[in-house]
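S.K.: Here you go, one structure.
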Amino acid sequence: MPMLSRVAENLYWMARYVERAEDTARLVNVTNHLMLDLPQRQPLMWSAVVDITGGSEDFANLYDQPNDRNVMQFLCADQRNPGSILSALAQARENLRTTRDVVPREVWEATNQLYMAACTQAEAGLGQGRRELFLKEIISGCQMMRGLVEGTLSYGTARTFMVLGRQIERADMTTRILDVRSGNLLSRSSEDMRPFEHLQWMSVLKSLTAYQMYRQHVRLRVRATDVLTFLLQDRNLPRSVTRSLWDASKALMSLPRHERALAAVTQVRADVAEADVGGLVRSPERLHDFINDLQIGLGDLHDAISRTYFTPLETVMQMPAA
Amino acid sequence: MSRVDWQQYCSNEFYDELMAAPGMPREAARMLCDVLAGFAPSELAERKTAAEIAIRTMGITFTVYSEGSMIDRAWPFDIVPRIIPADEWRRTEAGLIQRVEALNLFIDDLYHDQKVIKDGVLPAEVLAKSVNFRPQCVGINPPHGVWAHICGSDLVRGDDGTLYVLEDNLRIPSGVSYMLENRNVTKRVLPELFSSGRILPVDDYVPQLYDMLASMSPRHSDDPQVVVLTPGIYNSAYYEHAYLAQQMGVQLVQGSDLMVDDDDVVYMRTVRGLTRVDVIYRRIDDDFLDPEAFREDSILGVPGLMRAWRSGNVALANAPGAGVADDKVVYAFVPELIRYYLDQEPLLANVPSYLCMREEDRRYVLDHLDQLVVKPANESGGYGMLMGPQATREEREAFAERIKADPRNYMAQPMLKLSTTPTLFDGRPEPRHVDLRPFILSGQGSTYVTTGGLTRVALNKGSLVVNSSQGGGSKDTWIVETEMIDTRAAEPGLAETGLAETGED
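In the order they appear, the protein sequences are chains A and B.
For the first sequence, the tail end lands on 322 under the numbering used here, and the numbers increase by one without skipping.
For the second sequence, the tail end lands on 505 under the numbering used here, and the numbers increase by one without skipping.
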């Protein structure tokens, strides 16, 4: 029985939302740690994080000051921000509700519990003391949901669309986390930031739970070029952009009518493979532009998937004459 | 707490489904009553908890709208089943088949020659003012000439022991999934009672439903594409839509999943492209089914669906327009319709009804508003009714004006003394009022009736409201094979009720 487009779209977005909740928690966490480690607080920093999530406009409409408290609230708990952790979990839950018959019951229950627990914690407040715990629980809750899917959902169309959504969101969010380092965050000219550079890259690695893997595979001290190469191009690190996109490609190959989407993902993979990492490290502006281009490429990939599998009009046109 | 003591159970002036008199179970209920009385209070409590856990883990819910959001509530369930002897049920079944056959002939007649009006059996005025008559359906020939493929008729028992038909739901009757789930829960909770083999199984419904739907396919293939069309998760019966789709192994679709092309064929949108759909079990009202034909503002439906149906490229169950017979005024004519179309005497009784369009009836109704239930012709779910004995004087006067303004739209019935059945509260059985909704499937030349049906129970003391959203619950319904009448007459205390137990006119 072929899967309904609506169901496929719901599952795809469900997986994207769960990944988004987790990676936003990682993004907030890395920023948080950087702030604690750096010698002086950078007033621009928090607004740059909002920028990276693409929420500047919403933030400006809802808050006056981009301070610690407001930005934490906006990114984690504010359901008026469609990109907040709570919004993402709420959307994942809503999407699952309509596809409960396709996914094992435990997955629904875990999502429901994670959302409820996150709401309770967010209500209790996200001050410095609580924040780390909140973010860690979001991350492990999302991991658990994915583990349930991994261990219980049959290999088939439902799983394929969930893998697609998750991997595309993960590639997207990894590039955004790299962007934290791309200059907007720290005053680019200040020479006195240099000694802390390796600290920043270490934070990026840790936020992606990639520090240990880096030490094992790169066997070098933390250096900008190596870290960026590792996170962009490593084939084996689960959260590297290359690996995420390779998994998305494999998922696409198991679907019918995948030509257009496969062409889009191949293009992004080529861009990543051919990146001049040394040049990107030397120029924060170039890194930022490069990441922007990748995100546009990922947007094209999503469009191709959506037009092929989700959007009704396109499907009608591709229909052979009855 | 002490054990269940049936001597203490008293249903007063109401007919009780299980007990003939305090301490005297009816024949079919004796085994159950003995087993329940044999349980230690702790064991009874354990069984009740087991049922609650089963309902939670099986995820049996219904959806209510509350404070701006939708909530899935656990299905309210009582472990004490309602029991009907098999011989009585066979007569009831025959009556239901007769009734639905006549109703289908009636609907088909209304959309074709309207002989029933020409022959003076149904006043033209009734049809002229019917809100559920769909001019769009005139002249259409649905498969097998059947319009109401799935019917849910509500039966109630009066204090004389007679089962009456209260209404026929011919549009999109719901509840069958709960009937099936109630049995699954009861089997887990009271397994020892099923080993006797005297309780007839109910689980034939889903295969029967699928076969009937598949038989309606316009294409002659072994594997017709059958789908269940739901308005979506916010519908109170969404659980049932998902349940039936899953049990039949067919797709659960929403309006946006379907499209009708210029070739008047219905397709569903899948990741493989468009797939042709042959049969739609639709759980969306006529009004919202097709914005091209009915309400333009409907976003639930499928534009062009009526075109496809009219062209014979897709089958719809139930057929649009079937609701014309689902009208409280038409209801009053059903015994006449059975005589007219089948040339038979009705096997099941109607509740005596007064039609306000008849001058004599209207005068009686207006004079006796404090004793009657007055219903508008085309509302379901108990909306817009006047419960005369419970209404205030002002309410009755206001209602009288409405009747005078639009007599065709109202009918009245005496307040029925609905039967009761034992229902557990704190480990003690108490009488609560019940109704029964059997489901009738009309397919190609054969009619199937569920074994029993969904018993709904008004959980609040004295209440007659069985709706789950308003304090209603449900129970399993057992059709039980018993020995013949002569053994029953030998039971002390049962002989005098033997007469009342026959469920016929």
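Ideal placement from N, C-alpha and C gives every residue a C-beta, glycine not left out.
Using CA coordinates, which residue listed in B:GLU13, B:ASN409, B:PRO407, B:GLN371 is at the minimum distance from THR392 of chain B?
M.R.: Reading the second sequence from its first residue, position 392 is the one you call residue 392 of chain B. When each option's Cα is compared against that of THR392 of chain B, the closest is B:GLN371.
S.K.: Drop a sphere of 10 angstroms on the beta-carbon of SER84 of chain A, count the other beta-carbons inside from all chains shown, and report buried for 16 or more, exposed for fewer.
M.R.: Sequence index remark: in the first sequence, residue 84 of chain A carries index 84 (1-based). By the neighbour-count definition (other C-beta atoms within 10 Å, threshold 16), SER84 of chain A is a buried residue.
S.K.: Given that GLN8 of chain B touches chain A, what residues does it touch there, using C-beta distances under 7 Å?
M.R.: Taking the first residue of the second sequence as 1, we reach residue 8 of chain B at position 8. Under the 7 Å cutoff, chain A gives no residues; its nearest Cβ is about 42 Å from GLN8 of chain B.
S.K.: Among A:ALA264, A:CYS119, A:ASN32, A:GLN295, which one has its Cα closest to the Cα of LEU301 of chain A?
M.R.: Along the first sequence, read from residue 1 onward, the residue named residue 301 of chain A stands at position 301. When A:ALA264, A:CYS119, A:ASN32, A:GLN295 are compared, the shortest CA-CA separation from LEU301 of chain A is found for A:ALA264.
S.K.: Assign ARG93 of chain A to one of three DSSP states: helix, strand, or coil.
M.R.: On the first sequence, residue 93 of chain A is found 93 positions in, with the first residue counted as 1. Helix.
S.K.: Return helix, strand or coil for SER189 of chain A, following the three-state DSSP convention.
M.R.: The residue given as residue 189 of chain A occupies position 189 in the first sequence. With a pLDDT of 45 at SER189 of chain A, under the threshold of 50, the predicted position of this residue should be treated as unreliable, and no value is reported.
S.K.: Output, in chain order, the set of chain B residues within a Cβ distance shorter than 8 Å of PRO104 of chain A.
M.R.: Locating residue 104 of chain A in the first sequence gives position 104, counting from the first residue. Within chain B, no C-beta atom comes less than 8 Å from the C-beta of PRO104 of chain A; the nearest is roughly 12 Å away.
S.K.: Hey, LEU459 of chain B and GLY473 of chain B are a contact pair by Cβ (cut 8 Å); roughly how many whole angstroms apart?
M.R.: Against the second sequence, residue 459 of chain B aligns to sequence position 459. Against the second sequence, residue 473 of chain B aligns to sequence position 473. About 5 Å separates the beta carbons of LEU459 of chain B and GLY473 of chain B, which is inside the 8 Å limit, making them a contact pair.
S.K.: Express the C-alpha separation of TYR210 of chain B and ILE150 of chain B in angstroms, rounding to a whole number.
M.R.: As a working mapping, residue 150 of chain B is identified with position 150 in the second sequence. As a working mapping, residue 210 of chain B is identified with position 210 in the second sequence. The alpha-carbon of ILE150 of chain B is positioned some 12 Å away from that of TYR210 of chain B.
S.K.: For PRO2 of chain A, which residues in chain B fall below 7 Å Cβ to Cβ?
M.R.: Numbered from 1 along the first sequence, position 2 holds the residue referred to as residue 2 of chain A. Within 7 Å Cβ-Cβ: THR270, VAL271, ARG272, THR275.
S.K.: Based on the DSSP output, what are the partners of HIS433 of chain B in its beta bridges?
M.R.: Sequence index remark: in the second sequence, residue 433 of chain B carries index 433 (1-based). According to DSSP, which records beta bridges pairwise, HIS433 of chain B is partnered with B:THR420.
S.K.: Could you work out which residues of chain B lie near ALA90 of chain A, taking near to mean beta carbons separated by less than 8 Å?
M.R.: Translated into positions along the first sequence, residue 90 of chain A becomes position 90. Near ALA90 of chain A there are no residues of chain B at all, since even the closest Cβ is about 11 Å away, more than 8 Å.
S.K.: Using the beta-carbon of each residue, which ones in chain A are nearer than 9 Å to ILE280 of chain B?
M.R.: Walking along the second sequence from the start, residue 280 of chain B turns up at place 280. Going along chain A, no residue has its Cβ under 9 Å from ILE280 of chain B, so there is no contact; the nearest lies around 14 Å.
S.K.: Tell me PRO85 of chain B's beta-bridge partners as DSSP assigns them.
M.R.: Counting from 1 along the second sequence, the entry for residue 85 of chain B is found at position 85. PRO85 of chain B is bridged to B:VAL480.
S.K.: Residues in its own chain within less than 6 Å of LEU96 of chain A by CB, not counting five upstream and five downstream?
M.R.: Position 96 of the first sequence, counted from the first residue, corresponds to residue 96 of chain A. Result list for LEU96 of chain A: MET14, TRP108, THR111, in chain order.
S.K.: In this structure, how does DSSP classify ASN409 of chain B when only helix, strand and coil are distinguished?
M.R.: Here the question's residue 409 of chain B lines up with position 409 in the second sequence. Of the three classes helix, strand and coil, the one that applies to ASN409 of chain B here is helix, per DSSP.
S.K.: Cα-Cα, which of B:LYS129, B:ALA37, B:ASP16, B:LEU155 is closest to ARG437 of chain B?
M.R.: Position 437 of the second sequence, counted from the first residue, corresponds to residue 437 of chain B. The residue with the shortest Cα to Cα distance from ARG437 of chain B is B:LEU155.
S.K.: Considering only C-alpha positions, which residue in the set B:ALA325, B:ALA377, B:PRO85, B:ALA319 is nearest to LEU32 of chain B?
M.R.: By one-based count along the second sequence, residue 32 of chain B stands at place 32. The shortest C-alpha separation from LEU32 of chain B is found at B:PRO85.
S.K.: When the cut-off is 8 Å and only beta carbons count, does ALA60 of chain A lie next to chain B?
M.R.: The sequence position of residue 60 of chain A within the first sequence is 60, counting from 1. Not an interface residue.
S.K.: From the DSSP secondary-structure annotation, give me the bridge partner or partners of CYS151 of chain B.
M.R.: For the purposes of this step, residue 151 of chain B is taken as the residue at position 151 of the second sequence. CYS151 of chain B is bridged to B:ILE440.
S.K.: Within a Cβ cutoff of 6 Å, which residues of the same chain sit near ILE117 of chain B, ignoring the five residues on either side of it in sequence?
M.R.: Your numbering for residue 117 of chain B matches position 117 in the second sequence. Result list for ILE117 of chain B: ALA124, in chain order.
S.K.: Determine the contact status of LEU164 of chain A and ALA88 of chain A, defining contact as a CB-CB distance below 8 Å.
M.R.: Taking the first residue of the first sequence as 1, we reach residue 164 of chain A at position 164. Taking the first residue of the first sequence as 1, we reach residue 88 of chain A at position 88. Not closer than 8 Å, so no.
S.K.: Between the segment 246-279 of chain A and chain B, which residues of the former have CB atoms less than 8 Å from a CB of the latter, in chain order?
M.R.: LEU255, PRO256, ARG257
S.K.: Check the DSSP bridge columns for ASP34 of chain B and list the partner residues they point to.
M.R.: Walking along the second sequence from the start, residue 34 of chain B turns up at place 34. In DSSP, ASP34 of chain B forms no bridge with anything.
S.K.: Could you tell me the alpha carbon to alpha carbon distance between MET212 of chain B and LEU441 of chain B, rounded to whole angstroms?
M.R.: For the purposes of this step, residue 212 of chain B is taken as residue 212 along the second sequence, with counting starting at 1. For the purposes of this step, residue 441 of chain B is taken as residue 441 along the second sequence, with counting starting at 1. Approximately 8 Å, taken between the alpha carbons.
S.K.: Roughly how many whole angstroms lie between the Cα atoms of GLU150 of chain A and PRO104 of chain A?
M.R.: Locating residue 150 of chain A in the first sequence gives position 150, where the first residue counts as 1. Locating residue 104 of chain A in the first sequence gives position 104, where the first residue counts as 1. Straight-line Cα distance between these residues: approximately 11 Å.
S.K.: Spatial neighbours of ASP476 of chain B within its chain, please: C-beta separation below 7 Å, excluding the five flanking residues on both sides.
M.R.: On the second sequence, position 476 is the one that residue 476 of chain B refers to. Answer for ASP476 of chain B: PRO81, ASN182, ARG183, THR186, listed in chain order.
S.K.: Around the Cβ of PHE425 of chain B, are there at least 16 other Cβ atoms within 10 angstroms (buried) or fewer (exposed)?
M.R.: Taking the first residue of the second sequence as position 1, residue 425 of chain B is located at position 425. Burial call: exposed.
S.K.: Let me see if you follow: with CB-CB separation under 8 Å, is TYR17 of chain A close to chain B or not?
M.R.: In the first sequence, counting from the first residue as 1, residue 17 of chain A sits at position 17. No, because no Cβ of chain B sits closer than 8 Å to the Cβ of TYR17 of chain A.
S.K.: Which residues of chain B have a Cβ atom closer than 8 Å to the Cβ of SER5 of chain A, listed in chain order?
M.R.: As a position in the first sequence, residue 5 of chain A is number 5, starting the count at 1. Neighbours of SER5 of chain A on chain B, chain order: ASP257, ARG269, THR270, VAL271.
S.K.: Cutting at 8 Å between CB atoms, please list the residues of its own chain near ASP23 of chain A, excluding the five before and the five after it.
M.R.: Counted from its first residue, the first sequence places residue 23 of chain A at position 23. The answer, listed in chain order, is GLU169, ARG170, MET173, THR174, ARG176, ILE177.
S.K.: Confirm, please, whether the CB-CB distance from ALA349 of chain B to THR162 of chain B is below 8 Å.
M.R.: The residue given as residue 162 of chain B occupies position 162 in the second sequence. The residue given as residue 349 of chain B occupies position 349 in the second sequence. Yes, Cβ-Cβ distance for THR162 of chain B and ALA349 of chain B is below 8 Å.
S.K.: Excluding the five sequence neighbours on either side, which residues of its own chain have a C-beta within less than 6 Å of the C-beta of ASP435 of chain B, listed in chain order?
M.R.: Locating residue 435 of chain B in the second sequence gives position 435, where the first residue counts as 1. Hits under 6 Å: ASP154, VAL156, ARG456, VAL466.
S.K.: On a CA-only basis, which of B:LEU166, B:ARG99, B:GLY321, B:ILE338 is nearest ILE172 of chain B? Give me that one, please.
M.R.: Locating residue 172 of chain B in the second sequence gives position 172, counting from the first residue. For ILE172 of chain B, the nearest C-alpha among the options comes from B:GLY321.
S.K.: At the 8 Å Cβ level, is ALA325 of chain A part of the contact set with chain B, yes or no?
M.R.: In the structure displayed, chain A extends from 1 to 322; residue 325 of chain A sits before or after that span and is not available.
S.K.: Relative to the C-alpha of VAL269 of chain A, which candidate in A:LYS250, A:VAL222, A:THR157 has its C-alpha closest?
M.R.: Taking the first residue of the first sequence as 1, we reach residue 269 of chain A at position 269. Residue identity check: residue 269 of chain A is Arg in the sequence provided, not Val. Of the candidates A:LYS250, A:VAL222, A:THR157, the one whose C-alpha sits nearest the C-alpha of ARG269 of chain A is A:LYS250.
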